[in-house]
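Here is the structure we will look at, set down as structure tokens.
Residue numbers (full-length UniProt numbering), protein chains in the order written: chain A, 1 to 251; chain B, 1 to 447.
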């Protein structure tokens, strides 16, 4: 149960090795140890994540999860809830891909679409069902500002995030009557493995800073947040820039 | 399917449940038989601050429809009432017979079932103990649908008293009320300049009064830190009443002036308004002895405002109430100092000296000091309360479950060393764990 001041007791991370996902768990766990379920493919990184959280006093379970296999997702979510209620579920998996490959190679494009969009939808459906049954809970979907207006340099990834963002924004409304809260998070450029080697965009941020925003959003039941916050106004302006000008912008 | 969003009086952590109205024994049996995997809990008037009368994804029984007063015996003081009857209703019915409910908490909007489940206490605790002490017998329907008549000779009786509804559903109780000549109090109020003097004064001659409580100012700093009011009263006898009141001495004099609308912005209670409130509250009651006051004036000043909990704004608020042993009165000051250090404001601070506790393993009162503070929910509150928990638990104290909304299972285990004894009796009465609530899940009261 999430208590009166917003402390959850259990957190599920789908994409259990995600740096932002783990930073969110650590931010919650810095106040109180949690029961954590990490859903990811088996790897050394997953073992390391488990060890790191156990050091903080968390009880950690892992569940095998392959985002590219949507037919398994209902079962993955069922297994994640087997140990008891999940108070907060983070949808934190995704691929950035190489845009120039992705828009010219069918397999690469479809892989991005499946992992970032199809899988996000299939786990979203399963999470919505379980949380409706338990009568409470919070779902956090890590979207991206890249989905707000597709840019030439990053539009395949951007299109997948636009889709998942729209799905979770709708899910927010669909689950409201069930007492389940959904938060869509739109980070900008975050310094992680995913963006290693890329030159950072303006207003770049860190997983820890995104985590602080997510924790605040869950505690205050916010439905849509940007990380960092001022990106909200930047993106709001960028959405209305005419195309001839937009394509010349260094974004 | 779950269809109703429920929360406690603090309006903090709503969850969805399937609410089933219970108006008869048949309704109850049917609801228990239909219980799903997420279980059942009974709910009265929702005055617990946290989540004991919520059951996310499960069934919540609305007991307020089971509301008959079956009998009132003016001579013996015995009343037989359904669990959904409120203390307010019972008082109005019993007063004309010269009968008085010995245990009245800060509000009368509490059901008999809730009063037993939380083993509530009032300003008379040092003399009369808590609610369970005045229950002669109770009828409990357990998970198998069977009704049991329990008396203080039964372990299950004491597991139900203070058991937060987790042993079964109380449907009826026989209470023993006290006799009074009037519905009024003779009140002695003292303005006292500091917290230490306030506690010292309360320790001297409490036993001369039927009801005692103190309020103090936790907002003002420096010389006025902890200044307060000590309010102590006895039931007024007929001769003590002025002639005008003597004509109708048992009149139930408890007006409700207005209902607070649901439009308050967050942050309305801040240092400025808190200080203003504290100043007014302190000034309104100069030292005075022998004043005649009615029920609302002395016992329930907040009942004048309906739905006053809305005044704390959309994030809700919590009441932090604990008891520490008498010799650890220093914790009261420690708690206030921590609150100051964190910049948290509480305008309503109620301090009382408890008398003896009873046999119930989860009953809250024990000999000691109990302090209750109201704090609106804000970002630093969780961290402050975690610190306060350490102070309280290290001093051998504990939390009041009817107010609790954010502590840990570990804190309850430490505060209630007889928790396992209670669980054993509970588990025998409900082996499959039908009775469950958001609180029991959050604090791991049941398995």
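The C-beta atom is built at its ideal place from N, Cα and C for all residues, glycine as well.
Requested in this report: State the beta-bridge partners of residue 354 (chain B) as determined by DSSP.
Outcome: Per DSSP, the beta-bridge partners of residue 354 (chain B) are B:368.
Query raised in the report: Roughly how many angstroms separate the alpha carbons of residue 23 (chain A) and residue 209 (chain A), rounded to a whole number?
Result: The C-alpha of residue 209 (chain A) is placed about 9 Å away from the C-alpha of residue 23 (chain A).
Query raised in the report: Alpha carbon to alpha carbon, what distance is there between residue 102 (chain B) and residue 201 (chain B)?
Result: When rounded, the distance between both Cα atoms is 24 Å.
Requested in this report: Using the Cα positions of residue 163 (chain B) and residue 362 (chain B), report the straight-line distance between them to the nearest angstrom.
Outcome: Looking at the two C-alpha atoms, the distance is approximately 6 Å.
Query raised in the report: Using a Cβ-Cβ cut-off of 8 Å (strictly less than) and excluding sequence neighbours within five positions of residue 287 (chain A), which residues of its own chain qualify?
Result: This structure leaves residue 287 (chain A) out entirely; chain A is present only between 1 and 251.
**Report entry** Delimiting residues of the beta strand (DSSP E) encompassing residue 138 (chain B)
**Finding:** From DSSP, the beta strand (DSSP E) with residue 138 (chain B) extends over 135-141.
Query raised in the report: DSSP state of residue 448 (chain B), grouped into three classes?
Result: Outside the displayed range of chain B (1 to 447) lies residue 448 (chain B), so it cannot be described from this structure.
Report task. Go through the segment 61-122 of chain B residue by residue and report every complete run of the beta strand (DSSP E) that reaches 3 residues or more, in order. Result -> Fully enclosed beta strand (DSSP E) runs of 3 or longer: 69-72, 78-82.
Report task. Note down, in chain order, each residue of its chain lying with its Cβ closer than 6 Å to the Cβ of residue 515 (chain B), except the 5 sequence neighbours on either side. Result -> The displayed coordinates of chain B run from 1 to 447. Any statement about residue 515 (chain B) would go beyond what the structure contains.
Query raised in the report: Any C-beta of chain A sitting closer than 8 Å to the C-beta of residue 14 (chain B)?
Result: Output row for residue 14 (chain B): interface = yes.
Requested in this report: Just the C-alpha distance for residue 151 (chain A) and residue 163 (chain A), rounded to the nearest angstrom, thanks.
Outcome: The straight-line gap from Cα to Cα measures roughly 15 Å.
Report task. Can you tell me which of A:81, A:106, A:30, A:33 puts its alpha carbon nearest to the alpha carbon of residue 156 (chain A)? Result -> Distances from the CA of residue 156 (chain A) to each of A:81, A:106, A:30, A:33 were compared; the closest alpha carbon is that of A:106.
**Report entry** Beta-carbon proximity list for residue 457 (chain B), same chain, < 7 Å, skipping 5 on both sides
**Finding:** Outside the displayed span of chain B (1 to 447) sits residue 457 (chain B), for which this structure offers no information.
Requested in this report: State the start and end residues of the unbroken alpha helix (DSSP H) segment that holds residue 307 (chain A).
Outcome: Limits of chain A in this structure are 1 at one end and 251 at the other, which puts residue 307 (chain A) out of reach.
Query raised in the report: Roughly how many angstroms separate the alpha carbons of residue 224 (chain B) and residue 358 (chain B), rounded to a whole number?
Result: Residue 224 (chain B) and residue 358 (chain B): Cα-Cα distance of roughly 37 Å.
**Report entry** residue 141 (chain A): first and last residue of the uninterrupted beta strand (DSSP E) it sits in
**Finding:** In the DSSP annotation of this structure, the continuous segment of the beta strand (DSSP E) that includes residue 141 (chain A) starts and ends at 138-142.
Requested in this report: If I'm right that residue 355 (chain B) touches residue 129 (chain B) with Cβ under 8 Å, what's the distance once you round it to whole angstroms?
Outcome: The Cβ separation is near 7 Å, so the contact holds.
Query raised in the report: Under a three-way DSSP split, which group does residue 214 (chain B) fall into?
Result: Three-state DSSP puts residue 214 (chain B) in a strand.
Query - Bounding residues of the beta strand (DSSP E) (the contiguous stretch that carries residue 187 (chain A)) - result: Boundaries of the beta strand (DSSP E) around residue 187 (chain A): 181-187.
Query - CB-CB length for residue 371 (chain B) against residue 348 (chain B), believed under 8 Å - result: Contact flag wrong, Cβ pair sits at about 11 Å.
Query raised in the report: Should the segment 28-41 of chain B be called in touch with the segment 107-116 of chain A, which here means at least 3 C-beta pairs below 8 Å?
Result: No: fewer than three Cβ pairs fall under 8 Å.
Requested in this report: Measure the Cβ-Cβ separation of residue 165 (chain B) and residue 21 (chain B) and say whether it is below 8 Å.
Outcome: In this structure, the beta-carbon distance from residue 165 (chain B) to residue 21 (chain B) does not fall below 8 Å.
Report task. Look at residue 69 (chain B) and residue 30 (chain B) and say whether their C-beta atoms are less than 8 Å apart. Result -> Cβ atoms of residue 69 (chain B) and residue 30 (chain B): not closer than 8 Å.
Query raised in the report: If residue 201 (chain A) and residue 27 (chain A) are in contact, beta carbons under 8 Å, what's the gap, nearest whole angstrom?
Result: With a Cβ gap of about 23 Å, residue 201 (chain A) and residue 27 (chain A) do not count as contacting.
Query raised in the report: Where do the N-terminal and C-terminal ends of the beta strand (DSSP E) with residue 191 (chain B) fall, by residue?
Result: It spans 185-192 - the beta strand (DSSP E) in which residue 191 (chain B) sits, taken as one unbroken run.
Query raised in the report: Where does the unbroken beta strand (DSSP E) through residue 317 (chain B) begin, and where does it stop?
Result: Residue range 317-324 is occupied by the beta strand (DSSP E) that includes residue 317 (chain B).
Report task. Answer with yes or no whether the minimum CB distance from residue 136 (chain A) to chain B is below 8 Å. Result -> At least one chain B Cβ lies under 8 Å of residue 136 (chain A).
Query raised in the report: Along the chain, where does the beta strand (DSSP E) that runs through residue 178 (chain A) open and close?
Result: No residue range can be given for residue 178 (chain A), since it is assigned to no beta strand (DSSP E) and is classified by DSSP as neither H nor E.
Query raised in the report: Straight-line CA distance for residue 67 (chain B) to residue 63 (chain A)?
Result: Rounded to the nearest angstrom, the two C-alpha atoms are 50 Å apart.
Requested in this report: Counting only runs of 4+ residues fully inside the segment 13-90 of chain A, write out the alpha helix (DSSP H) ranges in chain order.
Outcome: Whole alpha helix (DSSP H) segments, 4+ residues: 19-29, 44-55, 73-80.
Requested in this report: Could you run through the segment 119-134 of chain A and flag, in chain order, every residue whose CB is less than 8 Å away from some CB of chain B?
Outcome: Near chain B, meaning a CB-to-CB distance below 8 Å, the residues of the segment 119-134 of chain A are 132, 133, 134.
**Report entry** Residue from A:60, A:47, A:83, A:46 whose Cα sits closest to the Cα of residue 29 (chain A)
**Finding:** Between residue 29 (chain A) and the set A:60, A:47, A:83, A:46, the nearest pair of CA atoms involves A:60.
Query raised in the report: When you compare each of A:147, A:178, A:159, A:194 to residue 184 (chain A) by their alpha carbons, which one comes out closest?
Result: When the alpha-carbon of residue 184 (chain A) is set against those of A:147, A:178, A:159, A:194, the nearest one is in A:147.
Report task. Quick one: residues in its chain with C-beta nearer than 7 Å to the C-beta of residue 9 (chain A), no 5 flanking neighbours on either side, listed in chain order? Result -> These residues qualify, in order along the chain: 1, 34, 35, 87.
Requested in this report: Please go through the same chain and pick out, in chain order, the residues whose beta-carbon is closer than 7 Å to the beta-carbon of residue 365 (chain B), but skip the five residues on each side of it.
Outcome: Excluding the 5 residues flanking it on each side, residue 365 (chain B) has same chain C-beta neighbours closer than 7 Å at 121, 125, 130, 323, 354, 357, in chain order.
Query raised in the report: So what does residue 374 (chain B) bridge to, in DSSP terms?
Result: B:319.
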